[in-house]
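All remarks here apply to the structure that follows.
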Amino acid sequence: GEIVALVHLGDDVFIIDKVTEMNQGHDLTINSTDFSLQQLGTDYVDLLLVHWPVAEHFFETWHALEELKKQGKAKSIGVSNFTQSQLELLKTQADEMPVVNQIETHPYLTQQPMIAFDKKMSIVTQAWSPLGRGAVLDNPMLAKMAKHHGKTPAQIILRWDIQRGISIIPKSQTPERIKENTELDFELSDDEMSMLNVMNKFQRTGNEPELVYELGKQY
């Protein structure tokens with residue numbers, strides 16, 4: 001497994017772990033998760049995710065996550081970078097569906113159909129790299145909107161995600177930036193939401209899920 005997040009919530013810590021491509025398959029998934037738990041010194045993680053869909057081990061990896069949840073080693077289980085077709089395929093053999101689908105989405109890759117499908121399936125969409133790894137932040141329209149609200153471009157994007165019903169996990173190691181990312185107590189108008197939605201360029205900063213699915217690894 002790959003420990004990806006230790007999220008402090010007051011006095012609590014929410015632990016998210018991912019099963020990487022090299023650790024997929026039934027036994028490897030079980031063993032790598034047990035190793036992660038041993039390294040963490042804990043009996044369970046709060047959320048265990050399949051990092052990328054891999055065709056060769058698609059169903060057995062998910063069944064391993066279901067087992068780990070039944071054993072109390074994961075409170076919740078989910079996926080990352082799954083497409084609509086992959087979720088539909090998973091549904092044909094899954095005993096339970098993911099609670100979360102963590103995907104790349106930002107104003108240059110709005111993913112509206114994917115988000116709508118997740119919602120229809122009662123799956124929470126979570127945005128990794130919600131700022132497009134910084135590629136979106138210099139957009140003039142975004143800068144104008146930020147100035148109007150007295151906020152930063154990053155705060156505008158994060159607020160847009162919240163109003164789209166998306167869970168966000170912006171990465172930062174700077175205390176000031178982390179604090180800034182929580183100061184989202186303002187509202188974007190319907191017109192502003194529409195303006196952000198039409199910024200879509202279908203532009204990824206990460207891997208294409210269908211290619212990883214076939215290759216069995218990131219490229």
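Counted from 1, the sequence shown has number 11 at position 11 by full-length UniProt numbering; the numbering is strictly sequential.
Beta carbons: idealized from backbone N, C-alpha and C, even for Gly.
Note that this is a predicted model, so its numbers are computed, not measured.
Item	Value
Buried/exposed call for residue 178, threshold 16 Cβ in 10 Å	exposed
CB of residue 159 within 7 Å of CB of residue 196, strictly	no
Buried versus exposed call for residue 219 [16 or more other C-beta atoms within 10 Å across all chains shown]	exposed
Segment contact, 8 Å Cβ cut-off, at least three pairs: the segment 49 to 67 with the segment 87 to 98	yes
C-alpha gap between residue 79 and residue 186, whole angstroms	30 Å
Buried versus exposed, by CB contacts within 10 Å (16 or more), residue 36	buried
Helix, strand or coil at residue 151 according to DSSP, with G and I counted as helix	coil
Buried or exposed (CB count within 10 angstroms, at least 16 for buried), residue 57	buried
Contact set for residue 2: own chain, Cβ-Cβ below 6 Å, skip 5 residues either direction	With a pLDDT of only 49 at residue 2, under the threshold of 50, the placement of this residue in the model should not be trusted; the figure read from the coordinates follows. If we look at residue 2 and ignore the five residues flanking it on each side, its Cβ neighbours are 18 and 20.
Residue 130 beta carbon less than 7 Å from that of residue 106	yes
Beta-ladder partner(s) of residue 101, from DSSP	79 and 125
Paired residues, beta bridge with residue 167 - DSSP	126
Spatial neighbours of residue 139 in its chain, beta-carbon cut-off 8 Å, leaving aside the 5 residues before and after	107, 153 and 199
CA-to-CA distance, residue 69 to residue 9, given in whole angstroms	Any reading at residue 9 is ruled out, since the residue's pLDDT is 43, under 50, leaving its predicted position unreliable.
First through last residue of the alpha helix (DSSP H) which encompasses residue 215	209 to 215
Residue 135, DSSP secondary structure in three states	coil
Residue 83 beta carbon less than 7 Å from that of residue 209	yes
Under the three-state DSSP convention, the category residue 94 falls into	coil
Residue environment, residue 13, which counts as buried when at least 16 other CB atoms sit within 10 Å	exposed
Three-state class that DSSP yields for residue 109 in the structure shown	strand
Neighbourhood of residue 59 by C-beta distance below 6 Å, restricted to the same chain and skipping five residues each side	93
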